[in-house]
Structures are given as C-alpha cells and as structure tokens.
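Participant:
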Amino acid sequence: MSERVALPQVERDPSLPEAITIYEVGPRDGLQNEKATVPAATKAAFVRRLVEAGLGTVETTSFVNPQWVPQLADAQEVLDLLGDLGRGATRPVLVPNERGLDRALEAGVGAVAVFGSATETFARKNLNRTVAESLEMFAPVVDRAHASGLWVRGYVSMCFGDPWEGPVPVAQVADVCARLRDLGCDQISLGDTIGTGTTGHVERLLDALEERGIGTDVLGVHFHDTYGQALANTLAALRRGVTVVDASTGGLGGCPYARSATGNLATEDLVWAMDGAGVHTGVDLDALVATSVWMAEQLGKPSPSRVVKALAG
Ligand code: HMG
Ligand code: MG
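When you line the sequence shown up against my numbering, it's residues 360 to 672, in that order.
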C-alpha cells in the first residue's frame, strides 16, 4: 500500500474560536526583505494564488519611500497588474505618511495600514521619527483615509522586545496602541517584530490592553517566528479571544530595519493547527503549499515552514 498523505486528524479544541481571519502578509512583509528584486508580475501572481487558495485578506504591497524599501518600489505596477483583485477593503497596503496615502489613493486601494513602534529606537530606524512624531505623521493619514472611505489598520512594532532597548514594558506598548486607537484606527496589530515573545507575555499584554479599553475584537496578532514561538503565541492569543492572525505564506518575512527579524508565522503552520483543531480558516492547505513551493523556486531558496517541508517532500 502506498503511504497516505498526511493530514491532521480533526479534534475540535473548544478553547479556540470557531473561525479565524488570516491576515496574509506574504506579499508585503514576506517580500520586503528579499535582496534580489522579485518582478512585479511574480508578485501579482503570488497575490492571485493566495486569493485563489482562500485567503480573504491579503496585504499586497507598501507605498513607503522606495529608497527605504527598494523591493516594493513597484507597488503601483503590482496593483495595476492585479486590477480589481488588488482593490477593496481586504487588500490593505502599508503607508507611513501622506505622500504614501496620496500614492495609495491614486492606485485606488480600499484599505491602508500605518505602522508605529512601541520603542523610540525602532521608530527612528524605521520611520526616521520619534514615537510622538510618527503618531503626528499618522494622524492626517488616518483622517484622510477614512474621509475617502478606506479601512485603516495600525501596526505596533516591538511589542515583545526590542533588539536595541531590550525588554519593553507592556504599559509602554499599551500607550502606543491607545494612541492609534484614539487616532481612529479600525484595527490594531500587535507586532512581535523580532520574535522574542512568549505565551505569558502575550497574556500580560492583552490584560494591559483590556484595562485600557482595547478589547480583542479590535486586535490582530503579528508574530515573527525567530525563536519558534509564533504558533504557541498565536494559540495563547486565540484562547483570549483574538480572531485575526497575521501570517506569511511559506514563512517568508522580516524587516530590513531590524536585523534580528526573520520570517513571520508561516500561514501553512497556522492552517495545519487550525484544521486539526476544527477552526475554520477558509484556506485550502494544498493550494497554499503549492504556492510556497512555486514561490521558493522564484526566490531560489526553500521555505522555512515545517509544514511546507513536510507536505512538499
Ligand atoms: P524620510 O527620509 O524622513 O522622509 O523617511 P521625508 O518625509 O523627509 O521625505 C524624503 C523624501 O522621500 C521626499 O522626496 C519625499 O517625497 C519622499 P524629495 O522631496 O526629497 O524628492 N517620500 C516618499 N516617496 C514615496 N513614497 C512615500 C514617501 N515618503 C517620503 N511614502 C519615511 C520617512 C517614513 C518615508 C521612511 O522612513 C520610510 O519610508 N520608512 C518605511 C520603512 C519600512 O517600510 N519598513 C518596513 C515596514 S514596517 C514592518 O515591517 C513591521 C511590521 O511588519 C510589523 C512588525 O513586524 O512589527 C509592519
Ligand atoms: Mg512584520
């Protein structure tokens, strides 16, 4: 008899929500750190394949200063190639400032994400601003985006540790989240940029946010997998009521302005865990793995995802 294809045996885990929303960041966070230029047509094909695999929300690209992130300098071209598939409230793009918003509006996007930092050092390195200055920079972006009918996400980086400053107090993170909420962001994504978070830390941060009136209904979690903790941390957040999880197909990712950042939680690892626990994601795991295998060929290097390695083998 031939070997059976591995699939997780489904045993419903009642501590987890019945369904989650995966916020796919592969085309943006996944590719922004790649040194070799990926052609716009490949990026557009990547987004298309992700949508076909069942991912509802896909962050497509960034309208940042192209000198800061040359890999995503072709944002407009990628959106042109995508046509309607790249527009709408479920295809956000990153914008840091009004210049980025102008470009995004011109491209016809339906959602944007501003990205702040819980620490001063990373705010300087990533945005060339203090934390306060970056929040001032975001204020008109959020207002104008809303006035144009766009959905707005606010990221907070370095929520669980900073490579220059070390530990980051949860109250400091909660302050920045509260500022983004007060600016009017529709959702706040908690970024573990360098992957140092652990489960108790996730709990403490969610406690601190709840005390500030920021409930799990407006939160997303964004774990990088540097230390192999991303899935455990995600499960901890889901058990507390979070239902939006950022992930990157194939486990691609990293931030060019934080060297210790490696790939995000691999979407395949998340989908495997959710499929086994009877949590609906809407994603076809086989189609996703095939996409990662294809993308690995384009990038000339294997996917770091354990699930991709196991299923693609
Ligand atoms: P700056 O150098 O201070 O910008 O950079 P500036 O306002 O002084 O402008 C300088 C020049 O850049 C001007 O041109 C602007 O027009 C131009 P000039 O007048 O000299 O010819 N410029 C732009 N051009 C196109 N698009 C724009 C834009 N903005 C200015 N949007 C800035 C400040 C914020 C722009 C810069 O620091 C930047 O682009 N940073 C982006 C860094 C980045 O993309 N990092 C990765 C994403 S964040 C991340 O990965 C973390 C996350 O995944 C969560 C997590 O893991 O924690 C989200
Ligand atoms: Mg990230």
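The beta-carbon is built from N, C-alpha and C at its ideal position, and this holds for glycine as well.
#1: Just to confirm, is the Cβ distance from THR575 to VAL535 under 8 Å?
#2: Hey, out of ASN424, HIS581, THR480, GLU411, whose CA is closest to TRP643's CA?
#3: Can you find at least 3 beta carbon pairs, one from the region 480-492 and one from the region 437-444, that sit closer than 8 Å?
#4: Quick one: what's got a C-beta closer than 7 Å to ALA595's C-beta in the same chain, skipping five residues either side?
#5: So, helix, strand or coil for ALA662, using DSSP?
#6: Rank THR419, LYS402, VAL397 by C-alpha distance to the C-alpha of GLU383 and give the top, closest one.
#7: Who are the Cβ neighbours of VAL666 in its own chain at under 6 Å, not counting the five residues just before and after it?
#8: Which two residues bound the contiguous alpha helix (DSSP H) that contains HIS581?
#9: Between the Cα of ARG371 and those of VAL490, ALA636, LEU565, GLY587, spot the shortest distance and give me the residue it belongs to.
#10: Checking the sheet assignment: what are the DSSP bridge partners for ILE379?
#11: Nearest-angstrom Cα distance between VAL423 and ALA533?
#12: Work out the CA separation of GLU569 and ALA365 for me, nearest whole Å.
#13: According to DSSP, TRP510 sits in a beta bridge with which residue or residues?
#14: Return yes when at least one heavy atom of the ligand MG lies under 7 Å from the C-beta of THR552, else no.
Facilitator: Here's the rundown:
#1: Here the question's residue 575 lines up with position 216 in the sequence shown. Here the question's residue 535 lines up with position 176 in the sequence shown. Contact: no.
#2: As a first step, residue 643 is located in the sequence shown; it is residue number 284 there, counting from the start. Residue identity check: residue 643 is Asp in the sequence provided, not Trp. It is GLU411.
#3: Not touching, per the Cβ criterion.
#4: Taking the sequence shown and counting its residues from 1, one reaches residue 595 at position 236. Answer for ALA595: THR558, VAL561, GLU562, listed in chain order.
#5: On the sequence shown, residue 662 is found 303 positions in, with the first residue counted as 1. Here residue 662 is Ser; the residue named in the question, Ala, does not match the sequence. Residue state, collapsed to three classes: coil.
#6: The count along the sequence shown starts at 1 and reaches residue 383 at position 24. Checked all of THR419, LYS402, VAL397; the closest Cα to GLU383 is THR419.
#7: Counting from one through the sequence shown, the residue named residue 666 turns up at place 307. Same-chain partners within the cutoff: GLU627, ASP628, TRP631.
#8: One-based indexing of the sequence shown puts residue 581 at position 222. Run containing HIS581: none in the alpha helix (DSSP H); it sits in the beta strand (DSSP E), 578-582.
#9: Taking the sequence shown and counting its residues from 1, one reaches residue 371 at position 12. From the listed residues VAL490, ALA636, LEU565, GLY587, the smallest Cα separation to ARG371 is found for ALA636.
#10: One-based indexing of the sequence shown puts residue 379 at position 20. Among the bridge pairs identified by DSSP, ILE379 is matched with none.
#11: Your numbering for residue 423 matches position 64 in the sequence shown. Your numbering for residue 533 matches position 174 in the sequence shown. VAL423 and ALA533 have their C-alpha atoms roughly 25 Å apart.
#12: The residue you call residue 365 lines up with position 6 of the sequence shown. The residue you call residue 569 lines up with position 210 of the sequence shown. Between the alpha carbons of ALA365 and GLU569 lies a distance of about 40 Å.
#13: For the purposes of this step, residue 510 is taken as the residue at position 151 of the sequence shown. According to DSSP, which records beta bridges pairwise, TRP510 is partnered with ALA470.
#14: Taking the sequence shown and counting its residues from 1, one reaches residue 552 at position 193. Result yes, Cβ under 7 Å from the ligand MG.
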